[in-house]
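Comments concern the structure below.
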């Protein structure tokens with residue numbers, strides 16, 4: 001997983017921070033990587049109850065294995081249901097929000113920004129890694145929404161500033177990307 005490798009290579013992204021993973025699916029690899037990189041707490045979320053059930057089992061199993069290296073880092077690792085169309089205020093805000101391959105339908109870009117508006121703390125950073133627009137629906141819509149001049153942006157979403165770049169093929173050659181190009185989105189919430 002590209003984002004998991006990124007976190008382990010640049011642990012400063014999450015070290016000591018409260019982290020939310022959106023669209024964790026059933027594996028929680030990104031959440032576990034954030035835990036290993038030194039996050040103080042990680043909440044892995046998904047909208048699918050069946051995936052969430054498997055996620056809880058996998059995280060418990062893998063988390064116990066990860067602790068066998070003798071490190072004493074304590075990180076609260078948990079999971080929860082999260083519907084992007086109805087963010088849950090009780091989850092609170094997070095300094096870092098992570099997502100991998102979370103955009104694959106046209107409505108998802110706007111839904112992700114909805115989650116970021118609800119849960120990304122002022123000054124917080126979201127890192128989304130996704131297959132590129134020629135491989136996934138919805139990427140063009142997300143990019144349009146992140147452009148400062150976009151007419152589709154509400155005043156509230158203007159507090160989110162984003163940029164993106166495409167990973168070089170050579171950077172990903174050791175990973176099984178199934179021949180897909182991948183983009184990385186960095187979205188920061190303004191402090192004001």
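Residue numbers (our numbering): 1 to 192.
Note that beta-carbon positions come from the ideal geometry of N, C-alpha and C, so glycine has one too.
Check                                                                                                                                      : Outcome
To the nearest whole angstrom, what separates the beta carbons of residue 129 and residue 84, a pair I think is in contact under 8 Å?      : Going by Cβ atoms, the distance from residue 129 to residue 84 rounds to 17 Å, so no, they are not a contact pair.
Tell me which same chain residues have a C-beta within less than 6 Å of the C-beta of residue 190, skipping the five on either side of it? : 159
Just checking my contact of residue 102 with residue 19 at CB under 8 Å: how many whole Å lie between their CB atoms?                      : Not really, about 15 Å apart at Cβ, beyond 8 Å.
Kindly indicate which residue of 21, 147, 184 and 145 has the alpha-carbon position closest to the one of residue 81.                      : 21
If you draw a straight line from the alpha carbon of residue 88 to that of residue 9, how long is it in whole angstroms?                   : 31 Å
Would you kindly check if the distance between the Cβ of residue 26 and the Cβ of residue 55 is under 7 Å?                                 : yes
Are the CB atoms of residue 14 and residue 31 within a distance shorter than 7 Å?                                                          : no
Does residue 12 come out as helix, strand or coil in the three-state DSSP assignment?                                                      : helix
Is residue 93 near residue 110, with beta carbons less than 7 Å apart?                                                                     : no
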